[in-house]
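Listed in order, the protein sequences are those of chains X and V. Under this note's numbering, think of the first position of the first sequence as 3, with each following residue one higher. Under this note's numbering, think of the first position of the second sequence as 4, with each following residue one higher. Every residue, glycine too, gets a C-beta built ideally from N, C-alpha and C. The structure appears right after this line, and notes come after that.
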Amino acid sequence: MVAATTLIDRDDGFERFFHDEYARVVSIAYRITRDRAEAEDVAQEVFARAARSPRLRGKGLLYTAAVRSALNLVRSKRRRLVRETRRVRLESALEHGAGAQSDPQLVLERRIDVQRVRSALLRLPQRDAELLALRYSGLSYREIASALNLDAAQIGTRLARAERALKKEMDRETH
Amino acid sequence: MKHIDEGDLRRLMDEPGEFSGAQHEHAASCPQCAGVAAQLRENAQLAAAAFEGAAHADPSRARARLARELAAPRRARWYFPAAVTAAAAFALALAFTPLGGYASAFLTLFQPREFVPIDITQADVRRLSVAPQADQLGTLAVIRRQTRTAFSTLEAARAHAGFDARVPSHVPTSVASSRTFTVATPGEYVYTFSASKARAFESRSHRRLPPMPPGLNGTTVRVRVGQAFVAQYGTNRNAKDDDMHEGLTLVEMQIPTVSSRGASFQELERYMLALPGISPDLAMQLRALGDLQNRMPVPVNISKQSAQSVTVDGVQGLAIGDNTGLGAGVMWQKGGIVYGLMGGAMTMDQVLALANDLH
C-alpha cells in the first residue's frame, strides 16, 4: 500500500502520460468491446500496469496492451455466454418441454446478436485483429508499425489482407 | 509505369500524402489498379462499419479511480505456481473414483493429460472464500514431505532430478543474468473425510452443509506428487513498487497421481459441488469436464487472464496470458512429465517459442 501511494505521488511523468493517452486507450478498447464500462475497465488495467512499471509507458506498448486486453475480455465473455445459453436452453427445455421458448432464452439470443460481429473479429489471426483495431482507432501507419514492431511499408499489405479476412468471416456470420 | 502493389494502393486511400504525383495519376488512370482499389475500398468500408463508434472518456474521474485502485491493499497476483496449486486443489477436490462399483478398491485414477480452463469471476472468488476449508471437512496427513535442494549448475541439478530434465537452449538476455535450479523429492499426502468434523463446523459456524453421504465418511484420498525440477531465470519477484513477475520459471514434475478408497465419484462430486461458496456456473463448468481422470481443471480469472488451447512441444497444452498481453504461461504433459513455463514480462509468442525449444 505504501509502495503504491509513493508511486503515485512521485513525479515521474506518469500524470502527463495518463492524461495524454487515456482517451485514446478507451477509444481503442471501446471499438472492440462496444461497451463503455468495459472499455474503461480495460484502460484502468493497462494504466495500472504502466503506473507500476515505468518501462511500459511507451505509447505503442500501451495501445497494443489495450487491444489485447479488450480482445481477451470479449473472448472470455463469449465463452461464458455460450455456456449460459446452453444452460438456459437446457433448463427451459426441462421446465417447458422441448422446443419451448422462454423469455430468458430470447434475451440471451439478442445478446448473442450483438456479439456476432465480435465473433468474426475473434476468429481472425490475433495479429490481424490487433492491426484492424489500431487502424480503426485512428493510428497512422507509422504508429501502427511502431506498436506492432513492424515496418511501416508492410502495413498497407497486412491491412488489406486483414480487411479481406474480416469480410470473409463476417460473410460467414451472415450466411 | 508499373502497377502499384496492393499494399500501396491501400495506403494511398488513408495516407495520400505519402505518394508521388505520378503514382496518384497512375492509380486514377490504370483500369487494373482501379479495379483492385475498388475491392480494397469495399473491404475497408465494411471494416470501418464494424469498428465505428466512440466512447466519451473522462480522464479526471478515471484518474481518481486509478489512484484508489493503486492505493488499495494489493490482491495476490496470479503467477504460475499459484495456478498449479489451485489446479491441484481442484483436482484433489474432484478427481475420485469413476464408478461406485470400484469403491472398495484402491485405484489410481488421476493422471492429467489435458489441461482445461475453468473461468472464474471476481464474484466466484469472493463466494469461494466462504466455502469450508479442507481441514473443516477432514484431516490431511503427510506421509512423505517433499524436500527441496538448490543447485548452482544445471548439470548438478540434472544429476539429481531422476528424469531427463530439459531447459531452453537460449533464454532472453533480459533474464539470462541469473539462474538457479532446484530439485524436489516426491511427496505423499492422505486426506480423510470426516462427518464429525463437518458437523462440528456446522455447529461452530451456524452454517448448513449438504449432508455428508454415509459412504463418504472415512473415505481416503491419496495424492502422490512426483519428483520435480525447477529452473528460474532472472529476478523471480521484482521490487515492491512493481508487481511485475519479471523472471522466467520452468517447472517439470513427474506426473502426480490421486487415488481413493471409499465413496463413489458421483457421491463425492455431488457433495463437493453442493458446498456453500460454489457458484452454479462454476459447478456447471466442473460437471461439464466429464473425464476427470485425464483432464485437469485450471482456474482462469476472466477479468485478468485469458486461456487458449495450443500445440506446444508437439502435444496439446494450455496457454494462459495476462490480459495486458505481457505475462504468459503454458502447461502441458509429455512423456509422463507435467511441464509449466511462465514468463512474467513476456508475450505468449515468446513463452511458446521457449517451450518449443526445450532440450
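Residues near Thr195 (chain V) by beta carbon distance below 6 Å, same chain, minus five either side: Along the second sequence, one-based indexing puts residue 195 (chain V) at 192. Taking Thr195 (chain V) as the centre and dropping the five residues before and after it, the same chain places the C-beta of Gly141, Thr142 and Thr223 closer than 6 Å to its C-beta, in chain order.
Close beta carbons around Ala286 (chain V), own chain, < 6 Å, minus the five adjacent residues each side: Here residue 286 (chain V) refers to the residue found at position 283 of the second sequence. Excluding residues within five positions, the ones whose Cβ falls inside 6 Å are Leu276.
DSSP three-state assignment for Phe166 (chain V), whether helix, strand or coil: Here the question's residue 166 (chain V) lines up with position 163 in the second sequence. It is coil, neither helix nor strand.
Strand pairing of Pro300 (chain V), partner residues [DSSP]: Your numbering for residue 300 (chain V) matches position 297 in the second sequence. V:Val119, per the DSSP bridge assignment.
Local conformation of Ser262 (chain V) per DSSP, three classes: In the second sequence, the residue the question calls residue 262 (chain V) occupies position 259. In the three-state reduction of the DSSP assignment, Ser262 (chain V) falls in the strand class, which pools E and B.
Nearest candidate by alpha-carbon position, reference Val178 (chain V), set V:Gln353, V:Glu55 and V:His362: If you number the second sequence from 1, residue 178 (chain V) lands on position 175. Comparing Cα positions, the closest option is V:Gln353.
Beta carbon of Leu344 (chain V) nearer than 8 Å to that of Gly332 (chain V): Along the second sequence, read from residue 1 onward, the residue named residue 344 (chain V) stands at position 341. Along the second sequence, read from residue 1 onward, the residue named residue 332 (chain V) stands at position 329. Yes, the pair counts as a contact, with Cβ atoms nearer than the cut-off.
Same chain, Cβ closer than 6 Å to Trp198 (chain V), five either side skipped, listed in chain order: Taking the second sequence and counting its residues from 1, the one referred to as residue 198 (chain V) is at position 195. The sequence as given places Ala at residue 198 (chain V); Trp does not occur at that position. If we look at Ala198 (chain V) and ignore the five residues flanking it on each side, its Cβ neighbours are Met215 and Asn220.
Short CB-CB distance (under 8 Å) between Leu136 (chain X) and chain V: Along the first sequence, read from residue 1 onward, the residue named residue 136 (chain X) stands at position 134. No, no contact with chain V.
8 Å Cβ cutoff met for Ala159 (chain V) and Thr185 (chain V): As a working mapping, residue 159 (chain V) is identified with position 156 in the second sequence. As a working mapping, residue 185 (chain V) is identified with position 182 in the second sequence. Cβ distance not < 8 Å, so Ala159 (chain V) and Thr185 (chain V) don't count as in contact.
Check whether Arg2 (chain X) and Val48 (chain X) have beta carbons under 8 Å apart: Given that chain X is displayed from residue 3 to residue 177, the structure contains no residue 2 (chain X) and the question cannot be resolved.
Alpha-carbon to alpha-carbon, Pro300 (chain V) and Leu292 (chain V): Here residue 292 (chain V) corresponds to residue number 289 of the second sequence, with the count starting at 1. Here residue 300 (chain V) corresponds to residue number 297 of the second sequence, with the count starting at 1. So the two alpha carbons sit approximately 8 Å from each other.
Where the beta strand (DSSP E) through Val254 (chain V) begins and ends: Within the second sequence, residue 254 (chain V) is the residue found at index 251, counting from 1. It spans Leu251 to Gln257 - the beta strand (DSSP E) in which Val254 (chain V) sits, taken as one unbroken run.
For Arg290 (chain V), the nearest candidate out of V:Val119, V:Ala356 and V:Gln308 (CA to CA): The residue labelled residue 290 (chain V) in the question sits at position 287 within the second sequence. Measuring from the Cα of Arg290 (chain V), the nearest candidate turns out to be V:Val119.
Proximity below 8 Å, CB of Gly237 (chain V) to CB of Ser172 (chain V): As a position in the second sequence, residue 237 (chain V) is number 234, starting the count at 1. As a position in the second sequence, residue 172 (chain V) is number 169, starting the count at 1. Not a contact, by the Cβ cut-off of 8 Å.
Spatial distance of Gly20 (chain V) from Ile157 (chain X) (CA atoms): Here residue 20 (chain V) refers to the residue found at position 17 when the second sequence is read from its first residue. Here residue 157 (chain X) refers to the residue found at position 155 when the first sequence is read from its first residue. About 16 Å.
Beta carbon proximity, Phe20 (chain X) to chain V, threshold 8 Å: One-based indexing of the first sequence puts residue 20 (chain X) at position 18. Yes, Phe20 (chain X) counts as interfacial toward chain V.
Close beta carbons around Gln139 (chain V), own chain, < 6 Å, minus the five adjacent residues each side: The sequence position of residue 139 (chain V) within the second sequence is 136, counting from 1. Contacts found: Phe204.
Residue burial classification, Ser206 (chain V) (beta-carbon count within 10 angstroms, cutoff 16): Indexing the second sequence from 1 puts residue 206 (chain V) at position 203. Classification of Ser206 (chain V): exposed, given that the 10 Å Cβ count is below 16.
Through-space distance from Ala31 (chain X) to Ala45 (chain X), alpha-carbon basis: Indexing the first sequence from 1 puts residue 45 (chain X) at position 43. Indexing the first sequence from 1 puts residue 31 (chain X) at position 29. Near 7 Å, if we compare the C-alpha coordinates of Ala31 (chain X) and Ala45 (chain X).
Beta-carbon proximity of Asp325 (chain V) to Gln308 (chain V), cut-off 8 Å: Against the second sequence, residue 325 (chain V) aligns to sequence position 322. Against the second sequence, residue 308 (chain V) aligns to sequence position 305. Against a cut-off of 8 Å, the Cβ pair of Gln308 (chain V) and Asp325 (chain V) comes out as a contact.
As assigned by DSSP and simplified to three states, the class of Ile281 (chain V): Here residue 281 (chain V) refers to the residue found at position 278 when the second sequence is read from its first residue. The answer is coil: DSSP assigns Ile281 (chain V) none of H, G, I, E or B.
Minimum Cβ-Cβ distance from Tyr143 (chain X) to chain V less than 8 Å: Your numbering for residue 143 (chain X) matches position 141 in the first sequence. Tyr143 (chain X) counts as touching chain V.
Members of the segment 252-270 of chain V near chain X, C-beta cut-off 8 Å: For the segment 252-270 of chain V, which is checked against every Cβ of chain X, not one residue is closer than 8 Å.
Residues that DSSP places opposite Leu136 (chain X) in a beta bridge: Position 134 of the first sequence, counted from the start, is the residue given in the question as residue 136 (chain X). DSSP, once it has assigned bridges, lists no residue as partnering Leu136 (chain X).
Rounded C-alpha distance that separates Ser107 (chain V) from Pro127 (chain X): Here residue 107 (chain V) corresponds to residue number 104 of the second sequence, with the count starting at 1. Here residue 127 (chain X) corresponds to residue number 125 of the first sequence, with the count starting at 1. Low per-residue confidence applies at Ser107 (chain V): pLDDT is 27, beneath 50, and the placement is therefore not dependable enough to give any value.
Sequence-distant residues of the same chain with beta carbon closer than 6 Å to Arg151 (chain V), five excluded per side: By 1-based counting over the second sequence, the position of residue 151 (chain V) is 148. Excluding positions up to five away in sequence, the list reads Thr185 and Ala187.
Chain-order list of residues whose beta-carbon lies under 6 Å from that of Tyr143 (chain X) (same chain, five-residue window excluded): Looking up residue 143 (chain X) in the first sequence gives position 141. Only Ala154 and Ile157 meet the Cβ criterion.
CB contact check: Phe54 (chain V) to chain X, cutoff 8 Å: By 1-based counting over the second sequence, the position of residue 54 (chain V) is 51. Taking Cβ atoms only, chain X reaches closer than 8 Å to Phe54 (chain V), which makes this a yes.
Alpha-carbon spacing of Glu18 (chain V) relative to Gln288 (chain V), whole angstroms: Numbered from its first residue, the second sequence carries residue 18 (chain V) at position 15. Numbered from its first residue, the second sequence carries residue 288 (chain V) at position 285. Rounded to whole angstroms, Glu18 (chain V) to Gln288 (chain V) spans 49 Å at the Cα level.
Top-ranked residue by Cα proximity to Tyr24 (chain X), from X:Ala135, X:Asp43 and X:Ala122: Here residue 24 (chain X) refers to the residue found at position 22 of the first sequence. When only C-alpha atoms are compared, the closest one is X:Asp43.
Check whether Leu133 (chain X) and Arg160 (chain X) have beta carbons under 8 Å apart: One-based indexing of the first sequence puts residue 133 (chain X) at position 131. One-based indexing of the first sequence puts residue 160 (chain X) at position 158. Yes; because the gap between Cβ atoms is below 8 Å, this pair is in contact.
Residues near Ala164 (chain X) in its chain [Cβ-Cβ closer than 6 Å; skip 5 each side]: Here residue 164 (chain X) refers to the residue found at position 162 when the first sequence is read from its first residue. For Ala164 (chain X), where only same-chain residues beyond five positions count, the Cβ hits under 6 Å are Asp130, Leu133 and Leu134.
Span separating the alpha-carbon of Thr124 (chain V) from that of Ile281 (chain V): Reading the second sequence from its first residue, position 121 is the one you call residue 124 (chain V). Reading the second sequence from its first residue, position 278 is the one you call residue 281 (chain V). Roughly 12 Å separates the two Cα atoms.
Short CB-CB distance (under 8 Å) between Ser23 (chain V) and chain X: Residue numbering aside, residue 23 (chain V) sits at position 20 when the second sequence is read from its first letter. So, not an interface residue.
Any chain X beta carbon closer than 8 Å to Ile123 (chain V): Within the second sequence, numbered from 1, the residue matching residue 123 (chain V) stands at position 120. Closer than 8 Å: no.
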